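So the protein lines, in turn, are chains Y and A.
Each step along the first sequence adds one to the number in UniProt numbering, with nothing skipped, and position 149 is 149.
Each step along the second sequence adds one to the number in UniProt numbering, with nothing skipped, and position 99 is 99.
In this text, a Cβ means the ideal position worked out from N, Cα and C, and glycines have one as well.
Every value quoted in this text rests on a predicted model; they were computed, and no experiment measured them.
In what follows, a single structure is set out as structure tokens and then discussed.
Protein chains: 2
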Amino acid sequence: MGEDGTVHAELRRNTPDTSDATTMNDLLRGMVEELRGGDAGDGVCAIGVGAAGTVEWPIGRIRWAPNNNYENWDLRGDLERMTGLPTVVDNDGNVAGLAEARLGERRFDDMLLLTVGTGVGAGIVLGGRIYRGAHGLGAEVGHMNVNPDGPQCGCGNFGCLESVASGTALTRMGRTAAAHDPDGMLAHLAAEDGGEVNGRHVTTAAMAGDPTAQSLFERLGRALGTGIAGLNAIFEFEVVLIGGGLVDAGELLLGPTRRAAREFHYGPPHVRPIPEVLPATYKGDAGKIGAGLLALEETIAPERAGLPSNE
Amino acid sequence: MGEDGTVHAELRRNTPDTSDATTMNDLLRGMVEELRGGDAGDGVCAIGVGAAGTVEWPIGRIRWAPNNNYENWDLRGDLERMTGLPTVVDNDGNVAGLAEARLGERRFDDMLLLTVGTGVGAGIVLGGRIYRGAHGLGAEVGHMNVNPDGPQCGCGNFGCLESVASGTALTRMGRTAAAHDPDGMLAHLAAEDGGEVNGRHVTTAAMAGDPTAQSLFERLGRALGTGIAGLNAIFEFEVVLIGGGLVDAGELLLGPTRRAAREFHYGPPHVRPIPEVLPATYKGDAGKIGAGLLALEETIAPERAGLPSNE
């Protein structure tokens with residue numbers, strides 16, 4: 001990636017089933033070698049990683065990744081030893097937030113990015129910097145409780161924002177709706193695919209005008225917007241950007257999200273303005289671009305961050 | 001107040017019914033004159049104010065105070081003009097948090113103070129500094145939504161943390177309980193006082209062993225602890241301190257609060273430790289001491305703040 005966020009070369013590998021640290025290190029070393037041997041290889045001068053899971057900052061150790069087999073993996077140290085390149089490792093939501101704040105359509109200094117996909121990832125930027133919590137293990141907005149009696153989340157808790165406002169929630173709600181209405185569009189779309197309802201079916205049905213599917217987006221957006229309002233009471237964001245797969249549904253998601261963020265906004269809007277809720281600039285690319293940008297700012301060109309003068 | 005937080009002189013005045021800015025300025029000017037004329041008057045070198053309401057930082061303008069008649073009051077400017085003394089004005093929860101972080105039983109750099117009284121006030125300290133949001137109008141943890149279907153809050157919204165975890169919530173729940181059980185202890189205590197049930201009656205009954213009153217504290221503590229867990233997912237606090245009138249109920253409040261903060265804690269505790277929930281050091285005095293301390297650190301002795309070296 002170049003300084004302006006342009007991607008010069010790209011390589012994708014799926015996470016192997018056995019995603020322990022040794023397997024992952026082998027895979028990553030191979031990928032770095034392949035990229036350095038390619039057309040854009042001469043310019044490679046640093047590595048930035050945006051990793052799923054809980055990453056201790058700045059040491060870049062992955063402390064916990066509920067969906068993978070590694071734990072307490074010194075990813076930054078391993079990459080630096082293997083490649084000799086300066087490396088930064090951060091949570092994927094954090095770096096995606098950085099990309100949106102610095103290189104999105106407008107520059108923002110106090111901003112929340114919510115990545116609504118399978119889960120709800122978050123990037124919080126305060127005063128132009130990524131906010132990560134006291135030790136880099138914070139900013140886990142998706143696991144803020146929004147209803148103690150809510151459904152169980154992948155993390156084990158009940159009623160996290162992620163449990164009611166993610167693609168997983170959409171799938172769960174879509175399956176319940178299809179079970180109650182076996183002749184409805186959701187059940188038909190799933191049957192055509194020969195399986196159970198998933199979030200993509202709900203999106204397709206909602207975009208085709210199915211009122212049941214649209215009501216599920218209403219419900220999901222309302223939960224998301226209520227969570228956003230609570231975060232605005234604390235952080236006074238300039239803007240809240242929504243990224244991730246579900247933003248493809250456009251106003252079906254953003255409309256109810258905005259309405260709830262307004263309904264539950266704290267204080268008179270002429271005193272505490274209601275932040276706009278907008279779609280993110282970089283869809284699936286924010287993590288990749290943000291990781292590169294962070295590597296640039298932290299290891300090569302710190303002055304590039306151009307932080308506000310009051311920081 | 002001295003540098004160590006010792007209070008040298010104290011003067012109390014009730015807010016007049018007509019709490020417009022002119023009336024309040026007259027009152028405050030009189031109080032400052034009286035204090036400067038007293039025994040400790042020679043040492044008066046700055047003014048620190050901890051004000052209820054939404055205070056723009058650092059300019060010290062009170063933008064909005066739902067329970068008073070002033071709005072957009074340049075309190076800092078007025079006090080400096082009237083007294084000639086350097087002045088700081090901040091939200092009362094913020095300065096109370098500062099007092100607890102710097103001068104409490106232990107020093108904390110990443111800490112939440114929740115002041116559970118009529119409402120729920122909050123002081124967030126991050127990296128040794130008060131966190132106020134982007135413009136000083138944030139950190140309003142009491143108005144974070146914890147249940148979109150919850151009861152109406154004094155701010156007008158429904159389901160704020162304050163609406164379910166404050167003295168006002170305790171009063172509301174106590175009245176409902178007494179209406180359902182007119183022979184119960186709550187109804188009797190209210191009748192003895194010749195009025196309706198209030199939070200104090202619920203506390204008295206709970207401390208005397210009344211199971212109904214104790215269940216209301218369970219409910220209140222559970223809501224408070226759930227909110228705390230969500231904030232810990234974002235901030236990774238070292239500790240959460242509980243102050244305000246309701247902390248007099250001790251373990252009746254703190255027990256269920258701790259249990260819920262643990263139940264809804266995000267991540268394995270060996271990776272993300274569960275912060276302790278402890279009673280605050282300074283009960284009703286935290287705001288006063290914190291306001292003095294902030295004046296000292298901001299206007300006279302900034303080096304006294306002793307901020308961590310990584311800040």
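With respect to the 8 Å criterion, I234(Y) and V141(A) are classified as neighbours on the basis of their beta carbons.
Interface residue (Cβ-Cβ distance to chain A less than 8 Å): N157(Y) is classified as such. Here M111(Y) is near V125(Y), since their CB atoms are less than 8 Å apart. DSSP, reduced to helix, strand and coil, places M111(A) within a strand of the structure shown. Taken atom to atom, the span from the alpha-carbon of N14(A) to that of G77(A) is near 22 Å. Setting aside the 5 residues that flank it on each side, P275(A) is surrounded in the same chain by N232, F237, E238, V239, V240, each with a C-beta closer than 7 Å to its C-beta; the list follows chain order. Between the C-alpha atoms of G287(A) and V88(Y) there is a straight-line separation of about 41 Å.
Excluding the 5 residues flanking it on each side, V164(Y) has same chain C-beta neighbours closer than 6 Å at G150, A223, in chain order. Using a Cβ-Cβ cut-off of 8 Å, V55(Y) does not count as an interface residue toward chain A, since no Cβ of chain A sits closer than that to its own. Nearest CB-CB separation between W73(Y) and chain A: not below the 8 Å threshold.
Counting the other CB atoms within 10 Å of its CB gives E218(A) a total of 16 or more, which places it among the buried residues. Contact check between the segment 86–100 of chain Y and the segment 125–140 of chain Y: three or more CB pairs, one atom from each, fall below 8 Å, which counts as touching. Secondary structure of F158(A) (DSSP, three-state): strand. Apart from the 5 residues on each side of it in sequence, P279(A) sits with its Cβ closer than 8 Å to the Cβ of L241, I242, G243, V247, G250, L254 in its chain, given in chain order. Residue contact with chain Y for G121(A): absent (no Cβ-Cβ distance below 8 Å to any residue of chain Y). Boundaries cannot be given for P182(Y), as no beta strand (DSSP E) includes it and DSSP labels it neither H nor E. The straight-line gap separating the alpha-carbon atoms of A295(A) and L79(A) is approximately 13 Å.
If you draw a straight line from the Cα of G221(A) to the Cα of T257(A), it is about 4 Å long. Looking at the backbone, the Cα of D39(Y) and that of G284(Y) are separated by about 24 Å. Under the three-state reduction of DSSP, T87(Y) is assigned to strand. The distance from the Cβ of T204(A) to that of S166(A) is about 18 Å, inconsistent with a contact at the 8 Å cut-off. Contact residues of the segment 126–147 of chain A toward chain Y are L126, G127, Y131, R132, G133, A134, H135, G136, L137, G138, A139, E140, V141, G142, H143, M144, N145, V146, N147 (C-beta to C-beta distance below 9 Å). Residue state for N69(A) is assigned as coil, using DSSP reduced to three classes.
Under the DSSP assignment, I62(A) falls in the beta strand (DSSP E) whose first and last residues are 61–64.
Per DSSP, reduced to three states, the secondary structure at E276(Y) is strand. Within 7 Å of the CB of E236(Y), the CB atoms of chain A belong to G133, A134, H135, L137, G138, in sequence order along the chain. At a cut-off of 8 Å, the C-beta of T299(A) has no neighbouring C-beta in chain Y. Taking a Cβ-Cβ cut-off of 7 Å, the neighbours of R63(Y) in chain A comprise V271, given in sequence order.
Inclusion of T281(A) and E105(A) in the CB contact set at 8 Å is warranted, their separation being smaller than that value. Look at T226(A): its C-beta is under 8 Å from a C-beta on chain Y. Shown here, L27(A) sits in a helix according to DSSP, grouped into three states. V120(Y) has its alpha-carbon roughly 22 Å from the corresponding atom of R61(Y). DSSP links Q152(A) through a beta bridge to F158(A). The distance from the Cβ of G199(A) to that of P66(A) is about 19 Å, inconsistent with a contact at the 8 Å cut-off.
Nearest C-alpha to P16(A) among L27(A), H8(A), G136(A): L27(A).
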